[in-house]
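Residue numbers (this note's numbering): 951 to 1211.
In structure tokens:
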């Protein structure tokens, strides 16, 4: 039985988890639904391999950051030089199927097109806690199918409620409410670190200084975690640079002809 279907227990555990971790109730609730969405997505059989990446993976898979990250960044593994129209459509269909299975809702269906390199899905769920106005009440799923995701590793994805119950030795509740961590393909922390360095440079050159803070925080936390494989970073940075140079109009800090130093 899924936890949110037992509303009384769900409410009780969300409140207890938030109190224990120093979070707001609505943050714990949303984190639960983010994990639920990812778990259902990971279960689906498809001809494409979906990869979870970005800041939220640093929290849910690597336990590196403490900031609440509410967006889900997804891409697919490339079988060819570019993602095919069929693979793009399969990615969109997989997301729509999960929304339907979980009785969620897509708020911006008219804005989503499988042919686009970038899509943003605004996915509603049955909220029982009110937010603070700073966080949107729905899940944001972003898909970007321009850059090849590599290296990738299979890691456990968890959530705040599961972490709280594990700490409290309430394993029977984890099993009863299907809250066990699950495996998903994740873009490595080394690649995420490099991508965030480039992002800061791009935002600086574009004058978008209001978008610095989360990347600076994430970079600091990754560096301080001791989880970076410096040899792996050195091995992939040239390829990452070349991939970004293919779309130099989007990456001002990575123009054709430039080399990493």
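Every residue, glycine too, gets a C-beta built ideally from N, C-alpha and C.
Values in this document were obtained by computation on a predicted structure and should not be read as measured data.
Per DSSP, what kind of secondary structure is residue 1165 in: helix, strand or coil? DSSP, read as helix, strand or coil, puts residue 1165 in helix.
Measure the CB-CB distance between residue 1094 and residue 1072 and report whether it falls below 8 Å. By the CB criterion at 8 Å, residue 1094 and residue 1072 fall outside the cutoff.
Nonlocal neighbours in the same chain, by C-beta distance under 8 Å from residue 1104, ignoring five residues either side: 1133, 1134, 1135, 1136
Should residue 995 be labelled buried (16 or more other beta-carbon atoms within 10 Å of its own) or exposed? exposed
Just reading off the beta strand (DSSP E) that residue 1025 is part of, what are its end residues? DSSP places residue 1025 inside the beta strand (DSSP E), whose first and last residues are 1021-1026.
By how many angstroms is the C-alpha of residue 1139 removed from the C-alpha of residue 1113? 21 Å
Cβ of residue 1023 within 8 Å of Cβ of residue 1092? yes
Would you call the CB atoms of residue 1001 and residue 1025 closer than 8 Å? yes
According to DSSP, is residue 1129 helix, strand or coil? coil
Could you check whether the segment 1061-1070 touches the segment 1037-1047, counting it as contact only if at least three pairs of C-beta atoms, one from each stretch, sit closer than 8 Å? yes
Beta-carbon proximity list for residue 1171, same chain, < 6 Å, skipping 5 on both sides: 1014, 1015
Supposed contact pair residue 1197 and residue 1096 - C-beta distance, whole angstroms, cut 8 Å: 6 Å
To which residues of the same chain is residue 1123 closer than 7 Å at the C-beta, ignoring the five residues directly before and after it? 1115
Taking C-alpha atoms, which residue in 1098, 1145, 1085, 1127 lies nearest to residue 1018? 1085
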